[in-house]
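These notes concern the structure reproduced below.
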Amino acid sequence: MPVNPDINYTAVLPEICLTATGLVVMMYDAFARESRRWAGLIVLGGLGLAAYGVWRWVGLSPGSSFNGMLVTDPLRTAFAFVLLLVAALSALLAMPTFGHQSKSGGEYFALLTFATVGMLLIAGAGDLAMLFLGIEILSIASYAMAGFRRSDLRSNEAAVKYFILGSFSTGFLVYGMALVYGATRTTNLKTIQIVVQNGNLTSESLLLTGAALMLVGLCFKAAAAPFHLWAPDVYQGAPTPVTAFMAAGPKAAAFVALLRVFAEMFPAEAGALHQTWTLILATVAVLSMVIGNVVAIVQDDIKRMLAYSSIAHAGYALLGVIVGDWKATLFYLAGYAVITLGAFAVVAYVAREDDRQTLILDYAGLGFQAPGAAVALAVFLLALGGLPLTAGFMGKFVLFREVWQGGYAELVIVAVLNSAVSLYYYLRPIVTMFFQEGRQNEDELPDLPWTLTTVLSVTLAAVFYLGIFPEPILAGLTRKVESAPAGELPRATPLPRAMPGR
Numbered sequence: 086m087p088v089n090p091d092i093n094y095t096a097v098l099p100e101i102c103l104t105a106t107g108l109v110v111m112m113y114d115a116f117a118r119e120s121r122r123w124a125g126l127i128v129l130g131g132l133g134l135a136a137y138g139v140w141r142w143v144g145l146s147p148g149s150s151f152n153g154m155l156v157t158d159p160l161r162t163a164f165a166f167v168l169l170l171v172a173a174l175s176a177l178l179a180m181p182t183f184g185h186q187s188k189s190g191g192e193y194f195a196l197l198t199f200a201t202v203g204m205l206l207i208a209g210a211g212d213l214a215m216l217f218l219g220i221e222i223l224s225i226a227s228y229a230m231a232g233f234r235r236s237d238l239r240s241n242e243a244a245v246k247y248f249i250l251g252s253f254s255t256g257f258l259v260y261g262m263a264l265v266y267g268a269t270r271t272t273n274l275k276t277i278q279i280v281v282q283n284g285n286l287t288s289e290s291l292l293l294t295g296a297a298l299m300l301v302g303l304c305f306k307a308a309a310a311p312f313h314l315w316a317p318d319v320y321q322g323a324p325t326p327v328t329a330f331m332a333a334g335p336k337a338a339a340f341v342a343l344l345r346v347f348a349e350m351f352p353a354e355a356g357a358l359h360q361t362w363t364l365i366l367a368t369v370a371v372l373s374m375v376i377g378n379v380v381a382i383v384q385d386d387i388k389r390m391l392a393y394s395s396i397a398h399a400g401y402a403l404l405g406v407i408v409g410d411w412k413a414t415l416f417y418l419a420g421y422a423v424i425t426l427g428a429f430a431v432v433a434y435v436a437r438e439d440d441r442q443t444l445i446l447d448y449a450g451l452g453f454q455a456p457g458a459a460v461a462l463a464v465f466l467l468a469l470g471g472l473p474l475t476a477g478f479m480g481k482f483v484l485f486r487e488v489w490q491g492g493y494a495e496l497v498i499v500a501v502l503n504s505a506v507s508l509y510y511y512l513r514p515i516v517t518m519f520f521q522e523g524r525q526n527e528d529e530l531p532d533l534p535w536t537l538t539t540v541l542s543v544t545l546a547a548v549f550y551l552g553i554f555p556e557p558i559l560a561g562l563t564r565k566v567e568s569a570p571a572g573e574l575p576r577a578t579p580l581p582r583a584m585p586g587r
């Protein structure tokens, strides 16, 4: 019997726009004779068209297309806007480094565009096959971006490590998907939810094993402990614009995938299965928070310090996955993304094009040499630590409140204690910038490029807006949640009594 294809081009309009943009950039790169400065602007135009495509989803009733492979719902729409913003800021951040290179600048912006396509597909995945496709598109582009400086041994090492470990994580992910299919006889996430709720599994242990293997693959993409070992070396060795993108975009996309899989595969109605899965996620979250914050204390390189910081923030964001609240998780990740991109914009400015100066000691005297950049970096670091009136504080407040109300007081206490620990290493660069003298033979910093000025202006404005006026965004997200079909993103139940401290 022939299958009637459920084709809906509106559902993939952003992906179509970005794919076309990537192809145009590649053609431009092939025929441009000298500077590739227009490549970044072409990408920004394509991202604007993609944002218009996402805007057309606003107000539409949740539904699926392409025979259930893609879903268009509030979760996809909201995360798509965040991912496109991350991509746009990443493109601006990369323009001083790659936009004026005579040979390969266009290649970088094409890879950035294709990576964004992968992230958007992950956000709208309604099937394990589509989820895998989006992850692979994102991963392959990220591998190439990490090793983009072909003559830099650190960049080459970062790319090789990322590729090898990423291949292993992909193997876990695919094998886990195969086991889930064996347990449920389907790859559609909504159908998996129905099968689990009705108890029509071929094997409960097979489902849990498959889900655990998938968790390994997804936690690798999110840089959550204990699957984080690649992150410090890759963040340090990759070009700083690439590190900024990886710390914000792919991490957010990984949490979209975790929300999809957790909410659909193990809803609260699943009973014991849901509790087992929640306990596993809680363990990963605590490990990420503790390992990330403790190891960050001893780092001397600011990119490695921010890498371990991102591991800790992955632990915080996992709390939102545990309670199944995508609204709080999105708000937290949006704030984290803009803060991280702003911080890396200053790091890119100080490190120069070849990333020469990334040690914390290299920031000595920055408060007197470039006070604007130093103040901006201080704001971003304090925001990551949870300074009131910033997006970092409000994101944690909203997230921790939902976790507390969900019955996970122990996890909130652990998160608050870890946030207090993080203030120590966030204050180190600030003290170095304003209370230590710079080296006598240090080269003067160049003028801040307009692209980095734009990134800093946008991120600083977003940091304070989200921290002072969060109500409009939270109210809009709440309306979207209430309009979603019942049971689409179910709330979680409290942890089982077996958890220590219960």
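Number 587 marks the last residue of the sequence shown (this note's numbering); no jumps.
Note that beta-carbon positions come from the ideal geometry of N, C-alpha and C, so glycine has one too.
Among residues of its own chain, excluding the 5 on either side of residue 406, which ones have a beta-carbon nearer than 7 Å to its beta-carbon?
-> By 1-based counting over the sequence shown, the position of residue 406 is 321. If we look at residue 406 and ignore the five residues flanking it on each side, its Cβ neighbours are 340, 343, 344, 347, 366, 414.
- prompt: Can you tell me the Cα-Cα spacing of residue 166 and residue 101, whole angstroms?
  reply: For the purposes of this step, residue 166 is taken as residue 81 along the sequence shown, with counting starting at 1. For the purposes of this step, residue 101 is taken as residue 16 along the sequence shown, with counting starting at 1. Cα to Cα, residue 166 sits roughly 16 Å from residue 101.
Reducing DSSP to helix, strand and coil, say where residue 285 ends up.
Here the question's residue 285 lines up with position 200 in the sequence shown. Three-state DSSP puts residue 285 in coil, outside helix and strand.
Discussion item. Does the structure place the segment 417-427 close enough to the segment 488-505 that three or more beta carbon pairs sit under 8 Å?
Written reply: No: fewer than three Cβ pairs fall under 8 Å.
Can you tell me which of 126, 149, 158 puts its alpha carbon nearest to the alpha carbon of residue 139?
For the purposes of this step, residue 139 is identified with residue 54 of the sequence shown, where counting begins at 1. In terms of Cα proximity to residue 139, the closest of 126, 149, 158 is 158.
Subject >> Touch test, the segment 299-315 against the segment 367-379, Cβ-Cβ under 8 Å, three pairs minimum >> reply: Yes, they touch.
field: residue 273 - partner residues in DSSP beta bridges
entry: In the sequence shown, the residue the question calls residue 273 occupies position 188. Per DSSP, 212.
### Query
What residues match up with residue 150 in a beta bridge as DSSP calls it?
Counting from 1 along the sequence shown, the entry for residue 150 is found at position 65. DSSP output for residue 150 lists 155 as bridge partner(s).
* Asked: The alpha helix (DSSP H) spanning residue 99 covers which residue range?
  -> What you label residue 99 is simply residue 14 of the sequence shown in a count that begins at 1. It spans 98-116 - the alpha helix (DSSP H) in which residue 99 sits, taken as one unbroken run.
**Asked** CA-CA distance, residue 408 and residue 558?
**Response** Counting from 1 along the sequence shown, the entry for residue 408 is found at position 323. Counting from 1 along the sequence shown, the entry for residue 558 is found at position 473. Distance between the alpha carbons of residue 408 and residue 558 is about 20 Å.
Which of helix, strand or coil DSSP assigns to residue 30 = Examination of residue 30 is not possible in this model, given that the chain is present from 86 through 587 alone.
Margin query: Using a Cβ-based criterion (distance less than 6 Å to any ligand heavy atom), does residue 487 qualify as near the ligand NAP?
Written below: Looking at this structure, you won't find the ligand NAP or any other ligand, since it has none at all.
| task | Classify residue 237 as helix, strand or coil using the three-state DSSP reduction. | result | Counting from 1 along the sequence shown, the entry for residue 237 is found at position 152. If DSSP states are grouped into helix, strand and coil, residue 237 belongs with coil.
Segment limits, alpha helix (DSSP H) that includes residue 321:
Taking the first residue of the sequence shown as 1, we reach residue 321 at position 236. Bounds of the alpha helix (DSSP H) holding residue 321 are 315-322.
- Task: Please list, in chain order, all residues of the same chain as residue 174 whose beta carbon is under 6 Å from its beta carbon, the five residues on each side excluded.
- Result: For the purposes of this step, residue 174 is taken as residue 89 along the sequence shown, with counting starting at 1. So the qualifying residues of the chain are 426, 540.
*asked:* Please state whether the Cβ-Cβ distance between residue 164 and residue 208 is less than 7 Å.
replied: Position 79 of the sequence shown, counting from 1, holds the residue named residue 164. Position 123 of the sequence shown, counting from 1, holds the residue named residue 208. Between residue 164 and residue 208, the C-beta spacing is below 7 Å.
- Strand pairing of residue 386, partner residues [DSSP]: Walking along the sequence shown from the start, residue 386 turns up at place 301. According to DSSP, residue 386 bridges with 444.
| Nearest neighbour of residue 477, chosen from 449, 508, 319 [CA to CA] | Within the sequence shown, residue 477 is the residue found at index 392, counting from 1. The shortest C-alpha separation from residue 477 is found at 508.
By the DSSP assignment, the alpha helix (DSSP H) with residue 533 in it spans what residues? Reading the sequence shown from its first residue, position 448 is the one you call residue 533. Per DSSP, residue 533 is not a residue of any alpha helix (DSSP H), being assigned neither H nor E.
| said: Within 10 Å of its beta-carbon, does residue 287 have 16 or more other beta-carbons around it, so buried, or fewer, so exposed? | reply: The residue given as residue 287 occupies position 202 in the sequence shown. By the 10 Å Cβ count, residue 287 comes out exposed.
Just the Cα atoms here: how many angstroms apart are residue 401 and residue 251? Within the sequence shown, the letter at position 316 stands for residue 401. Within the sequence shown, the letter at position 166 stands for residue 251. If you take the alpha carbons of residue 401 and residue 251, they lie about 23 Å apart.
Q | Inter-residue Cα distance where the pair is residue 179 and residue 223 | A | Translated into the one-based positions of the sequence shown, residue 179 becomes position 94. Translated into the one-based positions of the sequence shown, residue 223 becomes position 138. Between the alpha carbons of residue 179 and residue 223 lies a distance of about 18 Å.
Would residue 261 pass as a contact of residue 213 if the rule is Cβ separation under 7 Å? Position 176 of the sequence shown, counting from 1, holds the residue named residue 261. Position 128 of the sequence shown, counting from 1, holds the residue named residue 213. No; because the gap between Cβ atoms is not below 7 Å, this pair is not in contact.
Leaving out five residues before and five after residue 300 in sequence, what residues of the same chain have Cβ atoms less than 6 Å from its Cβ? Within the sequence shown, residue 300 is the residue found at index 215, counting from 1. None.
Measure the CB-CB distance between residue 135 and residue 177 and report whether it falls below 7 Å.
Taking the sequence shown and counting its residues from 1, one reaches residue 135 at position 50. Taking the sequence shown and counting its residues from 1, one reaches residue 177 at position 92. No, they are not a contact pair.
- Any contact of the segment 321-331 with the segment 235-247, i.e. 3+ C-beta pairs under 8 Å? Taking a cut-off of 8 Å on C-beta distances, the segment 321-331 touches the segment 235-247, as three or more cross pairs fall below it.
Going along the chain, which residues of its own chain have a beta-carbon closer than 7 Å to the beta-carbon of residue 99, five neighbours each way excluded? Within the sequence shown, residue 99 is the residue found at index 14, counting from 1. Within the same chain, Cβ atoms closer than 7 Å to the Cβ of residue 99 are found at 135, 138, 139, 165, 205, the five residues on either side in sequence being excluded.
Worksheet item: Hey, quick one: how far does the alpha helix (DSSP H) through residue 495 stretch, first residue to last?
Response: Residue mapping note: residue 495 aligns to position 410 of the sequence shown, counting from 1. Residues 494-520.
Check your understanding: What distance in whole Å lies between the Cβ atoms of residue 198 and residue 143, which are believed to be in contact at a cut-off of 8 Å?
Key -> By 1-based counting over the sequence shown, the position of residue 143 is 58. By 1-based counting over the sequence shown, the position of residue 198 is 113. Incorrect: roughly 23 Å between the Cβ atoms, too far for contact.
C-alpha distance - residue 156 paired with residue 317, whole-angstrom precision
As a first step, residue 156 is located in the sequence shown; it is residue number 71 there, counting from the start. As a first step, residue 317 is located in the sequence shown; it is residue number 232 there, counting from the start. Looking at the backbone, the Cα of residue 156 and that of residue 317 are separated by about 34 Å.
Near residue 330, what residues of its chain come up, given a Cβ to Cβ distance below 6 Å and the 5 sequence neighbours on each side ignored? If you number the sequence shown from 1, residue 330 lands on position 245. Here the set comprises 175.
**Study point:** Simplified DSSP assignment, three categories, for residue 94
**Key:** Counted from its first residue, the sequence shown places residue 94 at position 9. In the structure shown, residue 94 adopts helical secondary structure according to DSSP, grouped into three states.
Distance CB(residue 499)-CB(residue 333) smaller than 7 Å
The residue you call residue 499 lines up with position 414 of the sequence shown. The residue you call residue 333 lines up with position 248 of the sequence shown. Contact: no.
| query | Hey, is the segment 510-517 in contact with the segment 481-499, meaning 3+ C-beta pairs nearer than 8 Å? | reply | Contact between the segment 510-517 and the segment 481-499 is absent: fewer than 3 CB-CB pairs across the two stretches fall below 8 Å.
Who are the near neighbours of residue 430 in its chain, counting only those whose CB is closer than 6 Å to its CB and skipping five residues on each side?
Here residue 430 corresponds to residue number 345 of the sequence shown, with the count starting at 1. Its chain contains 178, 537, 540, 541 as the residues whose beta carbon lies nearer than 6 Å to that of residue 430, once the 5 sequence neighbours on both sides are disregarded; these appear in chain order.
Q | Residues near residue 194 by beta carbon distance below 6 Å, same chain, minus five either side | A | The sequence position of residue 194 within the sequence shown is 109, counting from 1. If the five residues before and after residue 194 are omitted, its C-beta is found closer than 6 Å to the C-beta atoms of 110, 124, 125, 128, all from its own chain and listed in chain order.
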